[in-house]
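Listed in order, the protein sequences are those of chains C and Y.
If you use this note's numbering, the first sequence closes out at 118, no skipped numbers anywhere.
If you use this note's numbering, the second sequence closes out at 336, no skipped numbers anywhere.
Data block below; observations after.
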Amino acid sequence: AQKITQTQPGMFVQEKEAVTLDCTYDTSDPSYGLFWYKQPSSGEMIFLIYQGSYDQQNATEGRYSLNFQKARKSANLVISASQLGDSAMYFCAMRRANTGGFKTIFGAGTRLFVKA
Amino acid sequence: SAVISQKPSRDICQRGTSLTIQCQVDSQVTMMFWYRQQPGQSLTLIATANQGSEATYESGFVIDKFPISRPNLTFSTLTVSNMSPEDSSIYLCSVLKTGTSYEQYFGPGTRLTVT
Chain C
3 AQKITQTQPG
13 MFVQEKEAVT
23 LDCTYDTSDP
33 SYGLFWYKQP
43 SSGEMIFLIY
53 QGSYDQQNAT
63 EGRYSLNFQK
73 ARKSANLVIS
83 ASQLGDSAMY
93 FCAMRRANTG
103 GFKTIFGAGT
113 RLFVKA
Chain Y
222 SAVISQKPSR
232 DICQRGTSLT
242 IQCQVDSQVT
252 MMFWYRQQPG
262 QSLTLIATAN
272 QGSEATYESG
282 FVIDKFPISR
292 PNLTFSTLTV
302 SNMSPEDSSI
312 YLCSVLKTGT
322 SYEQYFGPGT
332 RLTVT
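What follows is the structure in structure tokens.
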């Protein structure tokens with residue numbers, strides 16, 4: 003069965019510093035996608051970054067990068083140069099690429115607090 | 222990207238009644254999903270709604286409780302039937318952009334409180 007684990011319920015980071023949010027996953031499928039979403043207090047779900055299981059390079063999107071370690075089944079999100087606006091809930095998610103009806107499952111989330 | 226709107230944005234309902242949530246997308250999409258997010262929790266998939274076929278429900282969710290309609294490629298409704306306080310949640314509509322396997326977008330959510 004598929005599973006996403008986020009072991010950090012809350013994280014604090016000083017403004018302008020980098021922070022890593024942990025995510026591990028479990029699947030027996032060879033083809034899958036990994037995602038990170040940001041959910042601010044307003045409640046909207048904002049797509050941040052995507053990593054395909056066959057991608058050779060780690061995904062990057064601006065200040066966001068995904069540290070993909072396939073053998074360890076981890077997909078940590080790195081936010082560089084944290085900003086106050088980064089304070090939010092962050093969800094790691096996984097989707098099987100073609101089977102399972104493209105269903106996405108989400109981890110429990112990590113709440114990030116950025117300190118001024 | 223896809224712009225998704227949901228109606229209502231929030232509602233307070235009495236136990237035993239039903240509420241229908243509407244989801245409108247600004248472009249045609251094949252795959253639509255309905256999620257529930259209980260207070261302080263993660264997202265749980267209720268069902269997948271593809272146009273022209275019956276919705277596919279996840280374990281723990283049944284059609285009698287959460288009937289879904291998908292009349293066309295830009296619109297879907299989710300009804301929460303015979304509500305109880307345990308149904309108090311945020312309900313989110315989501316779409317997978319046609320032609321990709323990863324561009325998934327979410328609506329703003331409907332915050333439901335059942336008293």
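Glycine included, every Cβ here is placed at the ideal spot set by N, Cα and C.
Local conformation of residue i per DSSP, three classes
i: residue 87 of chain C; result: helix
i: residue 104 of chain C; result: helix
i: residue 308 of chain Y; result: helix
i: residue 47 of chain C; result: coil
i: residue 224 of chain Y; result: coil
i: residue 328 of chain Y; result: coil
i: residue 247 of chain Y; result: coil
i: residue 258 of chain Y; result: strand
i: residue 284 of chain Y; result: coil
Distance between beta carbons of residue j and residue i, contact taken as under 8 Å
i: residue 96 of chain C; j: residue 9 of chain C; result: Rounded, the Cβ-Cβ distance is 16 Å, inconsistent with contact.
i: residue 257 of chain Y; j: residue 310 of chain Y; result: 5 Å
i: residue 294 of chain Y; j: residue 249 of chain Y; result: 4 Å
i: residue 18 of chain C; j: residue 84 of chain C; result: 6 Å
i: residue 108 of chain C; j: residue 263 of chain Y; result: 5 Å
i: residue 24 of chain C; j: residue 98 of chain C; result: Between residue 98 of chain C and residue 24 of chain C the Cβ distance is about 22 Å, and since that is not below 8 Å, they are no contact.
Residues near residue i by beta carbon distance below 6 Å, same chain, minus five either side
i: residue 36 of chain C; result: 53, 77, 96
i: residue 40 of chain C; result: 48, 50, 90, 92
i: residue 291 of chain Y; result: 270, 272, 297
i: residue 63 of chain C; result: 51
Neighbourhood of residue i by C-beta, 7 Å cutoff - its chain only, sequence neighbours within 5 removed
i: residue 266 of chain Y; result: 254, 256, 279
Per DSSP, cross-strand counterpart(s) of residue i
i: residue 232 of chain Y; result: Y/333
i: residue 290 of chain Y; result: Y/298
### Message
For the region 248-278 of chain Y, list every residue whose C-beta sits within 7 Å of some C-beta in chain C, in sequence order.
### Response
Listed by position, the residues of the region 248-278 of chain Y near chain C (Cβ gap below 7 Å) are 252, 263, 264, 266, 269, 277.
### Near-chain Y residues of the region 48-74 of chain C (beta-carbon distance less than 8 Å), N- to C-terminal order
Residues 49, 52, 54.
### Query
For the region 92-117 of chain C, which residues have a CB atom closer than 9 Å to at least one CB atom of chain Y, in sequence order?
Per Cβ criterion, the list reads 93, 95, 97, 99, 100, 103, 104, 105, 106, 107, 108, 109, 110, 111.
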